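Numbering (the working numbering), first residue to last: 127 to 485. The beta-carbon is built from N, C-alpha and C at its ideal position, and this holds for glycine as well. A quick note: this is a predicted structure, and the numbers were derived from the prediction, not measured. Read the structure below first, then the notes.
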């Protein structure tokens with residue numbers, strides 16, 4: 127989805143306009159972290175921006191088909207940001223749970239991980255932020271994010287709050303290899319500025335050639351790797367949750383460490399997000415009782431996305447007669463649609479009650 131306006135560019139529309147995605151097709155066997163649509167997930171934002179036209183949108187919402195965006199909150203967050211800056215916005219990043227210069231494979235991988243490198247927006251206005259020095263409000267364990275105008279490798283490596291953190295020549299950041307175990311979580315979503323797609327190193331002609339191959343990693347990782355390798359750009363945290371450890375903007379979670387699915391177990395992944403049912407519970411309490419507590423209200427008014435993770439929604443309570451895979455998949459799709467509808471309905475009630483809806 128591109129903002130503003132109601133014009134959306136989908137895969138089917140791209141096909142109908144002569145930009146077939148079949149060339150990025152389904153050749154990879156869908157197992158573990160290697161899913162058949164990964165190349166498409168990486169290339170689609172560049173194709174969508176090209177088809178939409180770089181003068182016809184300001185922001186693009188980038189996520190999976192089971193990512194829910196809370197658009198009223200999104201618009202509030204974007205209001206003071208400059209869409210012409212090449213922003214890649216997310217606070218939900220994969221990163222090893224330790225980083226000591228050793229290969230990332232030596233450690234568990236966590237998402238979201240507050241230790242993951244990122245910038246804060248240019249001229250970030252948060253009262254907790256110290257623009258030209260070390261802020262005392264940075265939560266323990268968080269990467270000390272500099273302002274990025276834009277967020278480049280050099281900005282991350284030379285940040286005033288992180289002297290020598292990456293080694294003399296930033297070799298530790300290079301060892302993390304953006305796009306391997308340091309990347310945005312696609313299910314949590316990200317928001318991309320038109321300025322990102324206007325970057326001379328990220329034009330569609332170049333990206334089309336770049337993605338005409340199988341990189342062997344997930345689509346979200348392929349996207350971040352392309353942005354890093356070609357333009358030297360890294361993610362920007364929108365900021366509000368950065369100084370507030372109880373807040374995650376993209377796909378918040380309250381259940382602590384989770385391990386879901388074969389890829390998480392095999393690769394030692396810890397998932398700290400993916401909690402849509404808790405959002406439903408919080409919204410329900412806020413709508414019916416009028417208030418769900420200060421931290422709860424703060425989270426609901428700033429959350430930007432949740433990841434339903436469709437393949438696991440129907441994992442529990444499958445009827446005994448649903449023994450075939452097709453029936454199980456159908457049940458998961460129905461459960462996912464019901465949860466999406468519930469989330470959307472409750473959130474709409476919530477913003478209307480609070481007078482927070484956008485025109």
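- Beta-bridge pairing by DSSP links residue 222 to 235.
- Excluding the 5 residues flanking it on each side, residue 358 has same chain C-beta neighbours closer than 6 Å at 278, 279, in chain order.
- From the listed residues 185, 324, 236, 328, the smallest Cα separation to residue 307 is found for 236.
- Taking residue 472 as the centre and dropping the five residues before and after it, the same chain places the C-beta of 406, 409, 410, 413 closer than 7 Å to its C-beta, in chain order.
- Nearest neighbour of residue 376 by Cα position, chosen from 483, 214, 337, 261, turns out to be 214.
- Residue burial annotation: residue 326 is exposed, with fewer than 16 other C-beta atoms found within 10 angstroms of its C-beta.
- Here the alpha carbons of residue 170 and residue 344 stand approximately 13 Å from one another.
- In this structure, the straight-line span from the alpha carbon of residue 194 to that of residue 460 is close to 16 Å.
- Below 8 Å, too few C-beta pairs join the stretch 240-248 and the stretch 311-330 to call them touching: fewer than three.
- The C-beta of residue 256 has fewer than 16 other C-beta atoms within 10 Å across all chains shown, which makes the residue exposed.
- The shortest C-alpha to C-alpha distance from residue 253 to any of 457, 319, 370 is the one to 370.
- At the C-beta level, residue 206 and residue 484 stay beyond 8 Å of one another.
- Nearest to residue 311 by C-alpha distance, out of 400, 352, 421, 465, is 400.
- In terms of Cα proximity to residue 189, the closest of 416, 181, 272, 216 is 216.
- In terms of Cβ geometry, residue 309 and residue 185 do not form a close pair [threshold 8 Å].
- Along the length of the stretch 261-289, whole alpha helix (DSSP H) runs at least 4 residues long occupy 279-283, reported in chain order.
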